[in-house]
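Heads up, the working numbering is the position in the sequence shown plus 145, with the first residue counted as 1. We put the beta carbon where it would ideally sit given N, CA and C, even for glycine. The block underneath contains the structure these notes are about, expressed in structure tokens.
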Amino acid sequence: MADPATILVVEDEELVRDFTVELLSDCGYVVLAAANGREALDLLDREKKIDLLFTDIVMPGDLDGFALAREAKRRRPLLPILYTSGYTNRFSAGDMGETFGPIVAKPYRPDQLSLEIRRALGTAAP
């Protein structure tokens, strides 16, 4: 049996981060959590197995979700990225450039997030 996928969740809102970590853990994933882009990059440098980056787009500090994704792709070019935001109407594919990936609108339902995670990992049934 294969090891469960490891997902790095990056979310500055503690309640949303805790909810997402619990939800994904209940789905059988190994979940790492970061409150900002810098914490996420530290985890990317330390942890060998990260199968998916699930990041909020709008975050305080010098790294929003797009900047984090660009740096994560520089470090791990094959890392899939799934974005989330409560402001999805603000963004276009041009904002994401080479780090384009799907955006899950907040608030998301557990079944919706589970499906998008499986799609991003390539494990969703067609």
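{"Item": "Start-end ranges of the beta strand (DSSP E) lying completely within the stretch 177-235, minimum 3 residues", "Value": "197-201, 226-230"}
{"Item": "Outcome for P225 when other beta-carbon atoms lying within 10 angstroms are tallied against a minimum of 16", "Value": "buried"}
{"Item": "Element boundaries [beta strand (DSSP E), containing T268]", "Value": "Looking at the DSSP string, T268 is not in any beta strand (DSSP E), and its letter there is neither H nor E."}
{"Item": "Alpha-carbon to alpha-carbon, L208 and N181", "Value": "8 Å"}
{"Item": "Nearest-angstrom Cβ-Cβ length linking I152 and F199, presumed shorter than 8 Å", "Value": "6 Å"}
{"Item": "Residues near D201 by beta carbon distance below 7 Å, same chain, minus five either side", "Value": "V155, E156, D157, G210, T229, S230"}
{"Item": "Cutoff 6 Å; reference A265; Cβ partners in own chain excluding five residues on either side", "Value": "L197, P225, L227"}
{"Item": "Between the CA atoms of E167 and G173 - distance to the nearest angstrom", "Value": "10 Å"}
{"Item": "Rounded separation between E261 and D187 - CA only", "Value": "25 Å"}
{"Item": "Euclidean distance between Cα positions of G267 and A150", "Value": "11 Å"}
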